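A.B. asks: Residue numbers (the numbering used here): 795 to 1092. All residues carry an ideal CB built from backbone N, CA and C; glycine is no exception. Bear in mind that the values here come from a model prediction, so they are computed numbers and not experimental data. So that we are looking at the same thing, I have put the structure below in C-alpha cells.
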Ligand SMILES: [Mn+2]
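Dropping the structure here:
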C-alpha cells in the first residue's frame, strides 16, 4: 500500500505525508509478511487493516489526553514480493536502521519473525544498553521450528545469537506456552520470564516494577507486542492463540506502567484479520498503538 495524500484519513488524522522521517515524532512502517508461521496465516493483512481502522479513531487516549500534536509519517508497507525471507529481512533491517534515532518507528507485522531484523537493527545501534520488553504468550526461543530457523517461534534465538543483545536484556512477559526445545535451551540459562499465571497473582504494577529492576542497566527500550499476549477472548484474530491471557484493559495498564521508560521503537505483530471477528483484534492493536504513542508525549 502506497500512502498518498488522496488516501483516506489514517492514524487518528495525524499522518502527514509531507514530513521527512527526521521531522516526524512517529514513523509507521507495515511489514506484510506471514510466511514464517507455524500454523495459521493472515498477519500479512494486518498493516492495511489496522491503518484503515486508525482513520476512525480520534487522537485522544483512553484517559482523555490529546495526542493531536504528534507528527506521524506513514511510509506504507515494505513489500516482501520477489524476495526470499533472508533477503526480505536484510531489507527490513536496513530500513529499520535508517529510522531508529530519527524518530519513533512503529512497525506493524506481519508475523513475529519480522522482529528478528527489527530488534537486530536496534541492538546494533544500542548494544547492551538496549532492553527489550516482549509481551507475548510465547517466548519465541526455538532453535528452529518446522525446519525454519527464521520462524516466528525463533525470534529471540536469532536476535540473541547475533551477540549484540544478551538474553538477559530481554524480559518475556505474559508467557503461558512452552516448547520442549525452549525448556531444554533455558536449562542453566538465566532468562527473565514473567509467566501469565504469576502475573495474575502478583499484579501488573509489581510485575512492571520487577521488569524495570531486571533491566535497570538498560538505557533505552524496545517494545515488541505480540497480540496473542491478550487472551483469545480479546484477540481472536491471531494464528496461535493461547487461553489464559490478558484483557485489553490489562494491556493498556501495562503500557501505562511502562511509560516512564525511554522507548526507542516498537512493533505490533501477529494480528491476523482473516481470523478475526468484527475486527476485535485489529481494534485492540490500533488502540494499543495510540496508547503507546501517548507515552512519547509523557
Ligand atoms: Mn506469540
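Who are residue 868's beta bridge partners in DSSP?
C.D. replies: BP columns for residue 868 point to 822.
A.B. asks: Would you say residue 931 touches ligand 1, meaning its beta carbon is less than 6 Å from a heavy atom?
C.D. replies: yes
A.B. asks: Classify residue 1016 as helix, strand or coil using the three-state DSSP reduction.
C.D. replies: strand
A.B. asks: Assign residue 1009 to one of three DSSP states: helix, strand, or coil.
C.D. replies: coil
A.B. asks: Using a Cβ-Cβ cutoff of less than 6 Å, which residues in the same chain neighbour residue 911 once the five nearest sequence positions on both sides are dropped?
C.D. replies: 883, 886 and 887
A.B. asks: For residue 989, I'd like the list of residues in its chain whose CB is within less than 6 Å of its CB, leaving aside the five on either flank, ordered along the chain.
C.D. replies: 969
A.B. asks: From which residue to which residue does the alpha helix (DSSP H) around residue 929 run?
C.D. replies: Careful: residue 929 lies outside any alpha helix (DSSP H), inside the beta strand (DSSP E) at 924-929.
A.B. asks: Consult DSSP for residue 992 and reduce its assignment to one of helix, strand or coil.
C.D. replies: helix
A.B. asks: Residue 832 and residue 1061: beta carbons closer than 7 Å?
C.D. replies: no
A.B. asks: By Cβ distance below 7 Å, which residues in the same chain neighbour residue 916 in space, the five residues on each side in sequence not counted?
C.D. replies: Correct list, in chain order: 894, 924, 1016, 1058 and 1059.
A.B. asks: Here's the rule: buried if 16 or more other CB atoms are within 10 angstroms of the residue's CB, otherwise exposed. What is residue 799?
C.D. replies: For residue 799, the predicted structure reports a pLDDT of 49, less than 50, and the residue's modelled location is therefore unreliable. A value from the coordinates is still provided. The residue is exposed, with fewer than 16 neighbouring Cβ atoms inside 10 Å.
A.B. asks: So for residue 1077, helix, strand or coil by DSSP?
C.D. replies: helix
A.B. asks: Measure the Cβ-Cβ separation of residue 855 and residue 1085 and say whether it is below 7 Å.
C.D. replies: yes
A.B. asks: Is the beta carbon of residue 822 closer than 7 Å to that of residue 1087?
C.D. replies: no
A.B. asks: Compute every distance between the C-beta of residue 1025 and the non-hydrogen atoms of ligand 1, then say whether any falls below 6 Å.
C.D. replies: no
A.B. asks: Can you tell me whether residue 991 is buried or exposed, with buried defined as 16 or more other CB within 10 angstroms of its CB?
C.D. replies: exposed
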